[in-house]
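Take a look at the structure below.
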Amino acid sequence: MQYADVTERFIAARYPRASVAVVAGSTARGERTTTSDIDLLLLGDALFEDEHKTSEAATHVFEGEVFEVFAYTANGFDEWAARGVADHRPVIATMLVEGIAVCDDGRLAELRRAWTAVLDAGPALSDHESAFRRYMVADALDDLRDATDPFERQVIASLLFQRTAELMLLRAGRWIATGKWLPRRLRSMSTERALGLSRPLLDGDYGLFATRVEEELNRAGGRVQDGFVR
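First residue of the sequence shown? That's 1 in my numbering, and the numbers climb one at a time after it.
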């Protein structure tokens, strides 16, 4: 990996107690841009000087590189990884499984086996959460159809895309994401359905976009409104 040397120097300087280090994100995939940082997952039972501290998310600049650090004790990682799974966005578990190891005390292979099984199983969407998400899509959809202010329409449409895309992914047993990763995951699920939403949204055709959202809502089980208890 091109950035292994600077990463090793950074760990030695800032987190010398780390026993496992994994570089993830665009650096690990070989897709860095001019603004890319280095996503770094660190594990270590004695990682922090404060023995009561179990986790840290921090940004550091080192030798001209920006490091986005996610550092955990073993218990801290289990706690935060489980939270990500519960939220259907297993960011640090994905970093652990898909990243490139920079250092390893021998525990990484077993950790990867365990968390790969969790990621492969996909998210668990309860009936109540599915209904709640359909309720939220229907609510935003009605707001979009009622909106007349151009600024409001654009904001509502963006929110509606996010809610709809998340519902589509979860109903398909796929993990959700934020930012650029949400459309990427939607495309990986179905290019055709992703285009069905994105084309009218990008064209500013909010009427057609609303129709496409309604189609996806019906595919997911339809509107939830009357009598729904949140």
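We put the CB at the ideal spot given by N, CA and C, even for glycine.
At 3 residues or longer, and completely inside the segment 166-217: list those beta strand (DSSP E) runs for me, N to C. Entirely contained in the segment 166-217, not one beta strand (DSSP E) run reaches 3 residues.
message = Please give me, in chain order, every unbroken run of the alpha helix (DSSP H) with length at least 4 that falls completely inside the segment 94-141.
response = Here the runs fully enclosed are 108-121.
Inset, instruction - Specify the secondary structure class of W59 as computed by DSSP and reduced to three states. - result: It should be pointed out that residue 59 corresponds to Thr in this sequence rather than to Trp. Three-state result, T59: strand.
Contact between the segment 97-104 and the segment 12-25 is defined here as three or more beta-carbon pairs at a separation below 8 Å; is this criterion met? Inter-segment contact for the segment 97-104 and the segment 12-25 is present: three or more beta-carbon pairs are separated by less than 8 Å.
### Secondary structure of E31, DSSP reduced to three states
Of the three classes helix, strand and coil, the one that applies to E31 here is coil, per DSSP.
In whole angstroms, what is the alpha-carbon distance linking I38 and R184?
Near 20 Å, if we compare the C-alpha coordinates of R184 and I38.
I'd like to check one pair, L42 with Y15: are the Cβ atoms closer than 9 Å? With respect to the 9 Å criterion, Y15 and L42 are classified as neighbours on the basis of their beta carbons.
Does the beta-carbon of V85 have 16 or more other beta-carbons within 10 angstroms, so that it is buried, or is it exposed? Its Cβ being crowded by 16 or more others within 10 Å, V85 is buried.
TODO: Could you pull out every residue in the same chain whose Cβ sits closer than 6 Å to the Cβ of G173, ignoring the five residues on either side in sequence?
DONE: Cβ within range, chain order: G122.
- Using 8 Å as the threshold, is the segment 111-118 in touch with the segment 54-66, meaning 3 or more CB pairs across them? Contact between the segment 111-118 and the segment 54-66 is absent, because fewer than three Cβ pairs lie under 8 Å.
### Query
What is the DSSP secondary structure of L41, counted as helix, strand or coil?
In the structure shown, L41 sits in a strand (DSSP, three-state: E or B).
Quiz item: What whole-angstrom Cβ distance do L144 and A210 have, given they're in contact under 8 Å?
Solution: So it is a contact: roughly 6 Å between Cβ atoms.
F77 versus A93: straight-line alpha-carbon distance, rounded:
C-alpha separation (whole angstroms): 9 Å.
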